[in-house]
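So the sequence shown is residues -1 to 97, counted in the numbering used here.
Comments concern the structure below.
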Amino acid sequence: MPYHIVALTIAQVRGGSLQFQRVLGGLLEQPDIKVYSASPFDLDERKRLKDRFGGDIVYFFNDAAHLAALASDLDLSFSAEIPDSELPRRRTVVVGRPE
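Written out as structure tokens, the structure reads:
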């Protein structure tokens, strides 16, 4: 399953770009929605992701979260896709139920 990448700068976060968490988190009828970020404790991984995708914080949207974000008309710029094998090993669930 591909994951869709959104890389945000600190300025974008301060400007309200995390609104997607409230919108997607409110979609309880879609329990398959998952958005991840690298663990805040894995500084090497966060730096690697920043170098690869840009931005200060990188989010990984599964297909259901990607489609829900598009349907909700959220102002997010999806910059790339990666397979689930390339997700960070240490990651945090930002939106969705932990596995």
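Positions of the beta carbon are idealized from the N, C-alpha and C atoms, including for glycine.
7 Å CB neighbourhood of residue i in its chain, flanking five on each side removed
i	result
HIS2	PHE59, HIS64, PHE76 and GLU79
ILE8	ASP54
Own chain residues within Cβ distance below 6 Å of residue i, not counting five before or after
i	result
GLY23	VAL93
LEU6	SER15, GLY53 and ILE55
Own chain, CB closer than 8 Å to residue i, minus 5 neighbours either side, in chain order
i	result
LEU85	TYR1, TYR34 and PHE58
Sub-9 Å separation of residue i and residue j beta-carbons
i	j	result
ALA67	PHE18	yes
GLU43	ARG95	no
Outcome for residue i when other beta-carbon atoms lying within 10 angstroms are tallied against a minimum of 16
i	result
LEU74	buried
LEU47	buried
LYS32	buried
VAL91	exposed
Subject >> Runs of beta strand (DSSP E) lying entirely within the region 30 to 87, each at least 3 residues, in chain order >> reply: If we require 3 residues or more, the beta strand (DSSP E) runs fully inside the region 30 to 87 come out as 33 to 36, 55 to 59 and 76 to 81.
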